[in-house]
Amino acid sequence: MKIMVAIKRVIDYAVKIRVKPDKTGVVTQNVKMSMNPFCEIALEEALRIRESGLASEVVAVTMGPSQCLDTLRTGLAMGADRGIHVESTSALHPLHVAKILRNLVEIEKPSLIILGKQAIDDDCNQTGQMVAGLLNWPQGTFASKVVLDKEKKEVTVDREVDDGIETVQLNLPAVITTDLRLNQPRYATLPNIMKAKSKPIKKFTPQELNVEIKPDLEIVEVTEPPKRKAGVMVSSVDELIHKLKNEAKVI
Ligand code: AMP
1 MKIMVAIKRV
11 IDYAVKIRVK
21 PDKTGVVTQN
31 VKMSMNPFCE
41 IALEEALRIR
51 ESGLASEVVA
61 VTMGPSQCLD
71 TLRTGLAMGA
81 DRGIHVESTS
91 ALHPLHVAKI
101 LRNLVEIEKP
111 SLIILGKQAI
121 DDDCNQTGQM
131 VAGLLNWPQG
141 TFASKVVLDK
151 EKKEVTVDRE
161 VDDGIETVQL
171 NLPAVITTDL
181 RLNQPRYATL
191 PNIMKAKSKP
201 IKKFTPQELN
211 VEIKPDLEIV
221 EVTEPPKRKA
231 GVMVSSVDEL
241 IHKLKNEAKV
251 I
C-alpha cells in the first residue's frame, strides 16, 4: 500500500512576519523557510504507518518554485522513500494544488493521501477537503489519531472537533488531514540527510499534469494586525478591579 503526503514550503513558524509596504503580501525575501508544521505531522504519520508494516511506500509531493526542492529533501531525510516536485512559479491556490494531487493520484495510485490541516502561510484549510471532493474519496480531517486496518481496507480517524473528539471510519482509498496533537514529528538525522541526496525525485509541471494555473482568486490587500496598546501597572487589587469595572468594563 502506498501513501502520498503533500508537504508545503512556508515561512518558518518562528519568523516575525512583515507585510510588504505595498500591502500585496508578506515579505519572503531573505526569510527562513521550512516545511509547514502540519505537513511534518502528516509525513511523520505516514512514516509510522509504513514502519508498522501497514504500508510499503511513502511518496512526498511538493508544489511551487525550485526552492521547494529543499523542503522535499527534508521530507526524504525524515524518511519518505521518494519525492515528486511539481514546479510552478505562479501562485498556487488550494484548488490548483488539489487538482494537481488528483491528477497525481491517477499516476501514483496511492491508497491514502495525508495532508496538513492547513498551511500556516495562507491558513486556507481547504486543500484536503477539495482533493477529497475531486476524487470522491472519504475524508477524515483534523485527525488526532489514525488507525489503519489493511485487511478490512479501512482507516479509523479521531477528529478534533469543537466539543471533543469525533471518531469516523473511512473506506480506503481516503484523504486525511492532520491536527497538532496527532504525533511529534522526528528530526532528520545527519546520516539520513546524506542518504536523502540519492533518493529519487520525479519532476512535473502543472501543464504536464493537465492542470491550468488560472488565478481563481485575487488577494486584494494584506495588512498587519492592529498594534497592541501598552499595558498599565496597577498598585493594588482594588485599583485593578476598579479599572476592569469602569475602564475596560469587562466585569
Ligand atoms: P491549505 O489548504 O492551503 O491550508 O493547505 C493544507 C495542506 O495542503 C497543507 O498542509 C499541505 O499538506 C497541502 N498543500 C497546500 N499547498 C501545497 C503545496 N504548494 N505543495 C504541497 N502541498 C500543499
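In terms of full-length UniProt numbering, the sequence shown is residues 1 to 251.
Where is the CB? At the ideal position from N, CA and C, for every residue including glycine.
All values derive from a computational prediction rather than experimental measurement.
The beta carbon of K245 sits no closer than 7 Å to any heavy atom of ligand 1. In terms of side-chain proximity, the C-beta atom of P94 is found nearer than 7 Å to a non-hydrogen atom of ligand 1.
Checking the 7 Å criterion, the Cβ of I7 is within range of a heavy atom belonging to ligand 1.
By the Cβ-count criterion, T62 is buried, with 16 or more other Cβ atoms from all chains shown falling within 10 Å of its own Cβ.
Per DSSP, R228 is not a residue of any alpha helix (DSSP H), being assigned neither H nor E. The region 166-222 contains, as complete beta strand (DSSP E) runs of 3+ residues, the segments 174-178, 201-204 (chain order).
When distances are taken from the beta-carbon of G128 to the heavy atoms of ligand 1, the shortest one is below 7 Å.
By the C-beta density criterion, T141 is buried, having at least 16 other C-beta atoms within 10 angstroms. Closest option to L170, judged by alpha-carbon separation, among L190, D149, R181: D149. Sequence-distant partners of V15 (beyond 5 residues in either direction) whose C-beta falls short of 7 Å from its own C-beta, in its chain, are V31, K32. For H85, the pairing in a beta bridge is given by DSSP as T62, K203. Taking T177 as reference, the option from R159, S235, D163, Y187 with the minimal CA-CA separation is R159. For L240, the enclosing alpha helix (DSSP H) stretches over residues 237-246.
The Cβ atoms of Q129 and Q118 lie no closer than 8 Å to each other. E57 is bridged by DSSP to K2. By DSSP's assignment, G164 forms a beta bridge with V161. The DSSP-derived three-state label of K109 is coil.
By the Cβ test, the region 80-87 is in contact with the region 191-200, since at least three Cβ pairs between them sit closer than 8 Å. Contact check for A60 against L47 fails: the beta carbons are separated by 8 Å or more.
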